[in-house]
Amino acid sequence: MNTVHKRRSRKKPGTAPGTLIHVGEKKVDKERLTLIRYNSTDYEQLELEDLSKLRGLPQVDGVTWLNLDGLHNVELIGEIGSLFNIHPLVLEDCLSTSQRPKVEEYGDHIFIVMKMLYVLDNEVEVEQLSIIIGPGIVLTLQERSGDVFSEVRNRLINGKGRLRKSGPDYLVYALIDAVVDHYFIVIDEISLRIDKLDIEVFSAPHSDTIEELYLLKRRVTDIRSHVSPLRDVLGKFLKAPPDFISEETQVFFRDVYDHLLQVVESVDIQREILSGLVDMYLSVVGNRANETMKVLTIIATIFIPVTFVAGVYGMNFEVMPELKWKFGYAYAWGLMLLIAGVMLIFFKRKRWF
432 MNTVHKRRSR
442 KKPGTAPGTL
452 IHVGEKKVDK
462 ERLTLIRYNS
472 TDYEQLELED
482 LSKLRGLPQV
492 DGVTWLNLDG
502 LHNVELIGEI
512 GSLFNIHPLV
522 LEDCLSTSQR
532 PKVEEYGDHI
542 FIVMKMLYVL
552 DNEVEVEQLS
562 IIIGPGIVLT
572 LQERSGDVFS
582 EVRNRLINGK
592 GRLRKSGPDY
602 LVYALIDAVV
612 DHYFIVIDEI
622 SLRIDKLDIE
632 VFSAPHSDTI
642 EELYLLKRRV
652 TDIRSHVSPL
662 RDVLGKFLKA
672 PPDFISEETQ
682 VFFRDVYDHL
692 LQVVESVDIQ
702 REILSGLVDM
712 YLSVVGNRAN
722 ETMKVLTIIA
732 TIFIPVTFVA
742 GVYGMNFEVM
752 PELKWKFGYA
762 YAWGLMLLIA
772 GVMLIFFKRK
782 RWF
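Mapped onto my numbering, the consecutive letters of the sequence shown carry residue numbers 432 to 784.
Okay, structure coming up:
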């Protein structure tokens with residue numbers, strides 16, 4: 432697998448805290464702003480060109496979910512921060528796509544960073560997701576269009592279940608639950624590759640096998656670095672004040688937490704299996720090399736006395752009785768074959784091959 436190094440924008444050292452600079456790769460040509468507003472009876476979804484239309488919308492009861500695909504438009508993100516009174520440090524972290532999963536409380540809103548994992552064209556893609564929850568509002572900021580929330584949107588449209596009847600805390604639960612559910616899909620995809628490599632290591636290992644094992648092990652390690660910190664994130668979020676997360680919703684977050692523990696355990700098991708496969712590959716290749724060396728050694732050992740006999744009768748002496756014997760040539764061949772046969776029988780009884 433070839434690694435493609437893409438140019439990433441970087442933040443200059445010494446920049447003042449809260450300075451809005453996109454740090455990362457531009458993954459969409461044009462940003463996409465989607466507004467969803469809902470309550471138990473009504474649902475509304477709008478595609479916004481800019482925030483001017485949002486400012487002109489009438490206030491409604493219920494939950495407002497604003498999603499932004501694409502983080503390169505720094506000015507737009509600054510406007511979103513001003514409109515919803517988001518702390519500049521939160522906006523700065525949203526624009527930096529190398530953030531570690533975390534949760535922070537800023538006055539009347541909570542900021543969550545996590546990684547979305549999904550399979551695209553048989554490859555595991557990683558995307559940063561920023562979630563901001565405030566009074567009646569949920570903001571999500573993603574690096575590109577397309578996510579893992581299609582089922583959440585369908586539930587909102589259909590109006591079934593408790594999602595339309597609950598507050599923003601339950602929407603955040605639904606979003607995080609969807610992210611964690613896709614972790615399992617990614618793990619299943621990796622498990623299929625591990626099973627394939629497991630068979631390959633024992634049946635027909637080749638030079639590409641160890642490379643694929645190494646790349647897969649590194650990918651699993653990267654996944655663990657994205658998934659494992661989320662345990663602390665959910666643990667802290669469960670301790671958030673009741674203004675942000677109700678006791679009723681906490682029950683669902685604990686369920687997500689349990690699922691996340693299963694994910695981390697599965698990733699750890701996969702790392703151990705891959706480490707074992709690497710060791711097994713080296714052992715199998717080493718054993719095959721030893722078998723080859725054993726065969727070559729046996730052949731060389733057999734030819735030592737044969738070469739000796741050939742050398743004796745190849746000496747340049749005038750008086751050698753067998754040279755004038757009419758059966759001398761056959762005798763020499765018979766002697767060499769007899770020696771070789773006896774040695775083969777001896778090696779076989781010793782189970783050296």
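We treat Cβ as the ideally placed atom computed from N, Cα and C, and that holds for glycine.
Collapsed DSSP secondary structure at residue i in the structure displayed
i           : result
residue 584 : helix
residue 773 : helix
residue 432 : Legend: pLDDT at residue 432 = 40, less than 50; position of this residue unreliable, value from coordinates given subsequently. Looking at residue 432 - three-state DSSP - the assignment turns out to be coil, as it is neither helix nor strand.
residue 782 : coil
residue 448 : coil
residue 540 : strand
residue 768 : helix
residue 608 : helix
residue 701 : helix
residue 589 : helix
residue 552 : coil
residue 455 : strand
residue 744 : coil
residue 574 : coil
residue 482 : coil
residue 437 : Low confidence applies to residue 437: its pLDDT is 45, below 50, so where it sits in the model is not reliable, and the reading given next is rough at best. Note: residue 437 maps to coil in three-state DSSP.
residue 509 : helix
residue 722 : helix
residue 706 : helix
residue 579 : coil
residue 515 : helix
residue 635 : coil
residue 759 : helix
residue 597 : coil
residue 693 : helix
residue 736 : helix
residue 488 : coil
residue 620 : helix
residue 750 : coil
Short Cβ contact (8 Å threshold) for residue i with residue j
i           : j           : result
residue 511 : residue 542 : no
residue 500 : residue 454 : no
residue 625 : residue 705 : yes
residue 776 : residue 737 : no
residue 544 : residue 561 : yes
residue 795 : residue 448 : Lying before the first or after the last residue shown, residue 795 is absent from the chain, which here runs from 432 to 784.
residue 602 : residue 494 : yes
residue 648 : residue 702 : yes
residue 451 : residue 466 : no
residue 462 : residue 507 : yes
residue 774 : residue 741 : no
residue 586 : residue 594 : yes
residue 665 : residue 708 : no
residue 546 : residue 690 : no
residue 814 : residue 570 : No information on residue 814 is available, as it lies outside the stretch 432 to 784 that the chain covers here.
residue 509 : residue 488 : no
residue 778 : residue 729 : yes
residue 680 : residue 600 : yes
residue 548 : residue 526 : no
residue 668 : residue 683 : no
Identified DSSP bridge partners for residue i
i           : result
residue 565 : 568
residue 463 : 500
residue 559 : 546
residue 495 : 468 and 568
residue 712 : Beta-bridge pairing links residue 712 to no other residue.
residue 475 : 468
residue 535 : 542
residue 527 : 454
Below-8 Å beta-carbon distance, residue i vs any chain D residue
i           : result
residue 483 : You won't find chain D in this structure, because it holds only one protein chain.
Quiz item: With contact counted as at least three CB pairs below 8 Å, one residue from each stretch, are the stretch 599-618 and the stretch 688-702 in contact?
Solution: yes
Practice problem: Would you check if the stretch 635-649 and the stretch 592-612 touch, i.e. whether three or more CB-CB distances between them fall below 8 Å? | Solution: no
Exercise. Please confirm if the stretch 661-671 is in contact with the stretch 521-540, defined as three or more CB-CB distances below 8 Å between the two stretches.
Key: Note that the stretch 661-671 touches the stretch 521-540; at least 3 beta-carbon pairs, one per stretch, sit closer than 8 Å.
Quiz item: Would you call the stretch 746-765 and the stretch 712-724 touching, i.e. three or more CB-CB distances under 8 Å?
Solution: no
Practice problem: Run through the stretch 639-689 for me and flag every whole alpha helix (DSSP H) of 4 or more residues, listed as ranges in chain order. | Solution: 661-668
Quiz item: Okay, do the stretch 552-561 and the stretch 573-592 touch, 3+ Cβ pairs below 8 Å being the bar?
Solution: yes
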